[in-house]
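> Going by this note's numbering, the sequence shown opens with residue 291, and the numbers climb by one from there.
One structure is given below, represented as structure tokens, and several questions about it will come after.
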Amino acid sequence: AKMPALPEDARPYRRTATFDAATLPAGLRGRHTTREGTWARIVVLEGAVTYRILEPTPRDLVLTPARVGVVEPGVAHQLVGDGPFALFVEFCRRGD
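See the structure below:
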């Protein structure tokens, strides 16, 4: 499945702590969205997680240190991680 594209003028403005299998918040494991105008990059530092896009067409993308996940504004998604992993999420918005 094809990864959504991050706009070229998207700039990071905030990032989360680094999470692992024990500390990944329940909110990221369940269905959630970013705010309007906010993209996110899911950066896996080690291991792998499944980035499940829930709409409009459900699809699973496996994220690894070599494959960053891109979340589009308002699109419902969730993270599924069973094995060991480490990741952070970086939030971006379009530059002026």
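Note that beta-carbon positions come from the ideal geometry of N, C-alpha and C, so glycine has one too.
Model, not experiment: these values are computed from the prediction.
1. Quick check: T328 and P363, are their CB atoms within less than 7 Å of each other?
2. Curious, which full-length alpha helix (DSSP H) runs of at least 4 residues does the stretch 306 to 349 contain?
3. Is the stretch 326 to 341 touching the stretch 373 to 386 in the sense that three or more CB pairs, one from each, lie closer than 8 Å?
4. Mapping the DSSP letters down to three states, classify L353 as helix, strand or coil.
A quick look at the data gives this:
1. yes
2. 316 to 319
3. yes
4. strand
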